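Asks: Below is the structure I would like to discuss, written out as structure tokens.
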Amino acid sequence: MPMRFWEIAFGCTLFILLKKKSIKEFISKISSTFIILCMIGIMFLPNKFALIATIIIVITTSLLLGSLEKNDFIYKLLTNKFLLYIGTLSYSLYLWHWGVLAISRWTFGIKWWTLTFQLLLILTISMISYEFIEKPFRESNWSKRSLFTIGKAFLLTITTSGFIYTL
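With the numbering used here, the residue at position 94 of the sequence shown is 996, and numbering never jumps.
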């Protein structure tokens, strides 16, 4: 979190700046399609430009957020139900992708003909994890007092760690 503070601060600054009508009008004149194309172009920069590319991506992302309008194609694309669901699954995808890819590499390898199966496996495990583990834990009312909730979480962490250590 501390290393990413400047990115969060940039977003907060944008939020404050967008309250000024003149800045909002200026940013809304920038084409969101142009911004997306710039972002895609930045992804192809060599690694030696990683620092400047990170700064530019944060700026272009902020500009994109400020320029989106409901009738815009990019807005409709980014608010597509499938893409929103993938965004909802993003943490599960993050958690499970490495395990599937590592086991694949150790067993039958990562080849062009196994990639579809591996991607479907990552997606399926992520969906199951989200629907049956993350969502129920997030929506459950653990206890009326937050101290009891912290205690239960601590106990669950110790139990899980012990189980993993045993394995």
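Just so you know, even glycine gets a beta-carbon here, dropped at the ideal spot from N, CA and C.
Computed from a predicted structure; not experimentally measured.
Which residue marks the beginning of the alpha helix (DSSP H) containing PHE975, and which one marks its end?
Replies: From DSSP, the alpha helix (DSSP H) with PHE975 extends over 975-980.
Asks: Using C-beta distances below 7 Å, list every residue in its chain close to ILE1024, excluding the 5 sequence neighbours before and after it, in chain order.
Replies: These residues qualify, in order along the chain: LEU995, TRP998, HIS999 and VAL1002.
Asks: Thinking C-alpha only, which one of THR963, PHE951 and SER969 is nearest LEU920?
Replies: Nearest of THR963, PHE951 and SER969 to LEU920, Cα basis: SER969.
Asks: Rounded to the nearest angstrom, what separates LEU939 and LYS972 at their Cα positions?
Replies: If you take the alpha carbons of LEU939 and LYS972, they lie about 19 Å apart.
Asks: So, THR935 versus PHE975, is the Cβ gap smaller than 8 Å?
Replies: Yes. Within cutoff.
Asks: Please state whether DSSP places LYS931 in a helix, a strand or coil.
Replies: Coil.
Asks: Who are the near neighbours of LEU947 in its chain, counting only those whose CB is closer than 6 Å to its CB and skipping five residues on each side?
Replies: Excluding sequence neighbours, LEU947 sits near ALA955.
Asks: Any idea what DSSP makes of PHE984, helix, strand or coil?
Replies: If DSSP states are grouped into helix, strand and coil, PHE984 belongs with the helices.
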